[in-house]
Amino acid sequence: MNFKFNDISNIITMSKINLLDLNVSKMREFLIYIQEKPFRANQIMKWIYHHFCDDFSKMSNISKKLKNKLIKYSFIQSPDFTQEKKSFDGTIKWSFLSNKNYVETVYIPERNRATICISSQIGCLLNCDFCYTGKMGFKKNLKVSEIVGQLWNLLKLANKNNGIKKITNIVFMGMGEPLLNFKNMITALDIILNENGFNFSKYKVTLSTSGIVPMINKLSKIVDVRLAISLHASNNQIRNKLMPINKKYDIQSVIKSANNYLKNSKANKGKVTIEYVMLDKINDSFKNAEELAIVLKHIPSKVNLIPWNSFPNSMYRASSISNIVHFSNILTKRKIFNSIRKNRGKDIYAACGQLNNELKI
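Numbering of the sequence shown is given in our numbering, commencing with residue 1396 and proceeding in unit increments.
Here's what the structure looks like:
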């Protein structure tokens, strides 16, 4: 239902709207235009996001009149997970169909927490050379209901105590570049953080970006979540080859925008996360480590060193563990806080950089 809220006269003739596409403010506007009290938005949101209710008849504290209007003008529907793959390490990957394309969502359980990795697009426009998602090309932006619906499905499963741990952390590191689906991402984040929505702490939500500078600057004025920068290179020459977006927004401009974001952010606790995939003989030399340390002198950061995850027909190889450890030691010596990420779900193509709906195992 693509309606303009300032055009009530046409609402009766329009198709139904999925309430998962609306944050609280849009839900209030929707209620006004069906001639109901806007405060009911909080009640409806709580039913949807606190009780995982998709049946209006079960919403016990709203009137029959309002229920009938909701049935007439709206519905509540999350994406249907149609495929499930389980890794030996406990990671689970789910897929759902959108416009005849699969979208992938990853659940990563750990001892004291569980993380969901959410997709924001089908495919990706940026075509990073080391990323399998980028090889798909760009298909479409996900709707708000498709973004928050991934989390809604997993929380609903966890609520039923069927082997899924309570979700404690959310990362937007799945398929796509979140900041190129900016409008829908902002609405989705509002639902995730709002007390009447999923009510997650801003300290538990991370948005990863390849460095869309204008959108990072815009994001800093709208919402506060943890920011991760996919840097993956110690200089512009290497990054131009690995990530074509660097030709438009180079390392220096990305670092500057991330610094500006930190000025307005409490969620990041004064440090931005820097993601750095380790590629054999590409970006993993000791010189690269020294260069990276110099680059990161200009921003408070934590570096995640990510062993590269293979995919079919790629020219790259993962750096050796010994080389990654040496790289890490150089950063530590230069007082750059860092850690080596433990990759999860490689056997089901659920690890970092492996999501691609064309590969079904």
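Glycine residues also receive a C-beta, built at the ideal position from the N, C-alpha and C atoms.
- A residue is called buried when at least 16 other Cβ atoms come within 10 angstroms of its Cβ; Phe1681 does not meet this threshold and is exposed.
- Inter-residue distance for Gln1749 and Gly1569 is about 9 Å (C-alpha atoms, whole angstroms).
- Proximity of the segment 1695-1705 to the segment 1669-1685 meets the contact definition, three or more beta-carbon pairs being nearer than 8 Å.
- Taking C-beta separations shorter than 6 Å and ignoring five residues to either side along the sequence, the partners of Ile1559 in its chain run Leu1552, Ala1553, following chain order.
- Contact check between the segment 1429-1448 and the segment 1464-1484: three or more CB pairs, one atom from each, fall below 8 Å, which counts as touching.
- Counting only the Cα atoms, Phe1525 lies some 25 Å from Gln1478.
- By the neighbour-count criterion, in which 16 or more other beta carbons inside 10 Å mark a residue as buried, Ser1714 falls on the buried side.
- Across the structure, Asn1654 and Ile1694 are spaced so that their CA atoms are roughly 6 Å apart.
- Under the DSSP assignment, Lys1658 falls in the alpha helix (DSSP H) whose first and last residues are 1646-1658.
- As the crow flies, the alpha-carbon of Val1600 is around 17 Å from that of Lys1616.
- Within the segment 1557-1584, not a single complete alpha helix (DSSP H) segment reaches 4 residues in length.
- Per DSSP, the beta bridge partners of Thr1510 are Ile1503, Asn1564.
- In the DSSP secondary-structure assignment, Arg1621 is bridged to Thr1601.
- For a cut-off of 8 Å, the C-beta gap from Ile1587 to Leu1546 is around 7 Å, short enough to register as a contact.
- Counting C-beta atoms within 10 angstroms of its own C-beta, Phe1483 has fewer than 16 neighbours from the protein chains shown and is therefore classed as exposed.
- Contact check for Ser1473 against Ser1514 fails: the beta carbons are separated by 8 Å or more.
- Every unbroken stretch of the beta strand (DSSP E) spanning 3 or more residues and falling wholly within the segment 1413-1501 is given here in chain order: 1476-1481, 1487-1493.
- The residues Leu1637, Tyr1671, Val1672, in chain order, have a CB closer than 6 Å to that of His1627 in the same chain once the five nearest residues on each side in sequence are set aside.
- Exclusion of the five residues before and after Asp1449 leaves Ile1471 as the residues of its chain whose Cβ lies within less than 6 Å of its Cβ.
- Pro1702 has Met1673 as its beta-bridge partners, per DSSP.
- Boundaries of the alpha helix (DSSP H) around Gly1544: 1539-1554.
- Per DSSP, reduced to three states, the secondary structure at Ala1746 is coil, with no helix or strand assignment.
- Between Glu1686 and Ser1629, the C-beta gap is smaller than 8 Å, which places the two residues in contact.
- Beta-bridge partners assigned by DSSP to Gln1632: none are found.
- At a Cβ-Cβ threshold of 8 Å, Ile1725 and Ala1684 count as neighbours.
- Around the beta-carbon of Thr1727, fewer than 16 other beta-carbon atoms lie within 10 Å, marking it exposed.
- Boundaries of the alpha helix (DSSP H) around Ile1611: 1608-1614.
- Nearest Cα to Gly1518 within the set Gly1740, Asp1416, Trp1489, Lys1530: Lys1530.
- Around the beta carbon of Gln1516, 16 or more other beta carbons lie within 10 angstroms, which makes this residue buried.
- Within its own chain, no residue has a Cβ closer than 6 Å to the Cβ of Ser1458 once the five positions on either side in sequence are excluded.
- Here Lys1728 carries a helix assignment [DSSP, helix/strand/coil].
- The residues Thr1486, Thr1510, Arg1739, in chain order, have a CB closer than 6 Å to that of Ile1503 in the same chain once the five nearest residues on each side in sequence are set aside.
- Between Ile1624 and Val1608, the gap from beta carbon to beta carbon reaches 8 Å or more.
- Gly1529 carries a helical assignment under DSSP once its states are collapsed to helix, strand and coil.
- Phe1593 and Tyr1468 do not touch by the CB rule: their CB atoms are close to 24 Å apart, not below 8 Å.
- Assignment of Asn1733 by DSSP, reduced to helix, strand and coil, places it in the strand class.
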